[in-house]
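Below: one structure, written as structure tokens.
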Amino acid sequence: MPVICREEGRTLVASVSGELDHHQAKAVMEELERRIDQALPRQLTLDLEKLTFTDSSGIAVLLRTWRRMGQIQGSMRVIHAPAQAKRVFRAAGLERMIRFE
Amino acid sequence: MKKENYVSMEFPSCSANEGFARAAAACFAAQLDPTLEEINDIKTAVSEAVTNAIVHAYPDTIGKVVMRLILREERVVEIVVKDWGVGMEDVERAREPMFTTGNEERAGMGFTIMESFMDVLKVRSTPGKGTTVTMRRKIARRGGR
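Just so you know, the protein sequences line up as chains A and B, in that order. The number in the numbering used here is simply the position in the first sequence, starting from 1, with 230 added. The number in the numbering used here is simply the position in the second sequence, starting from 1, with 5 added.
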């Protein structure tokens, strides 16, 4: 599973690694939702440092995760997004909704 | 535009082939000594085109996908992704951002990304017959050569 999570107080830190394409998206999405539902964090930090590739499947994963955090009144930020991923997310205007640091 | 080199490959519409297809396109484009950003743009666009064929062209079956990689004159890489799946009634609508017939795993951004990452995007589709996506990207000549 290319998702590794740890809890820091009420923050859930999730690291997604490898290639996040359509082939992987469902598993990553389900794992993120399962961990969010378990931890009910105030904040989700999505660490993409080890993400080697993504496409519009990654956009769908981020949007759905962001909505899930909204449903539980939590916030979400994305850290260490590589240049390739940033370019994909920017094409969809994700930076208007999701905090990238 | 003259063909200087080409590769043609056929594979079944299994999602495991998405990674293979974009890696093959990246390897083919490497002969033009592109920048990392150019390679990543091509990989991303190919990933979108092939994913569309896998997810939308053959929703309930495994079908044939053909990808042709062509090196044209003046450092233009052309990628053709062809399927014989369900096709689209309204290509213009399918190309609009956020439009999708897929479930919530799909963002509806595939064509938008192909359009913004490549120089040319042509989509031909006939309902019941299939879809052909043709994309072109010129690879800049780097300084000193």
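Note that beta-carbon positions come from the ideal geometry of N, C-alpha and C, so glycine has one too. Because the structure is a prediction, the values reported are computed rather than measured.
Check                                                                                                                                                                                                   : Outcome
Does any C-beta atom of chain B lie closer than 8 Å to the C-beta of Val-318 of chain A?                                                                                                                : yes
Return the CA-CA distance between Asp-277 of chain A and Phe-122 of chain B, expressed in angstroms with no decimal places.                                                                             : 25 Å
Can you check the segment 248-322 of chain A for any alpha helix (DSSP H) of at least 4 residues that lies completely inside it and give the ranges in chain order?                                     : 252-269, 286-301, 313-321
DSSP three-state call for Ile-216 of chain A: helix, strand or coil?                                                                                                                                    : Only positions 231 to 331 of chain A appear in the structure, and residue 216 of chain A is not among them; the question remains open.
Determine, using beta carbons only, whether Ala-313 of chain A and Thr-284 of chain A come nearer to each other than 8 Å.                                                                               : no
Provide the residue span of the beta strand (DSSP E) that contains Gly-135 of chain B, from first to last.                                                                                              : 135-143
Note down, in chain order, every chain A residue with its Cβ under 9 Å from the Cβ of Thr-117 of chain B.                                                                                               : Ser-286, Ala-321, Ala-322
What does the Cβ neighbour count give for Cys-235 of chain A, buried or exposed, with the cut at 16 atoms within 10 Å?                                                                                  : buried
What is the C-beta distance between Asp-124 of chain B and Arg-141 of chain B, in whole angstroms, given that I count them as a contact (C-beta under 8 Å)?                                             : 5 Å
Roughly how many whole angstroms lie between the Cα atoms of Thr-106 of chain B and His-61 of chain B?                                                                                                  : 8 Å
Identify, in the order they occur along the chain, each residue of the same chain with its Cβ nearer than 8 Å to the Cβ of Ile-118 of chain B, setting aside the five sequence neighbours on each side. : Thr-49, Ala-50, Glu-53
Taking 8 Å as the threshold (beta carbon to beta carbon), is Met-140 of chain B in contact with chain A?                                                                                                : no
With 16 other CB atoms within 10 Å as the buried threshold, where does Ser-13 of chain B fall?                                                                                                          : exposed
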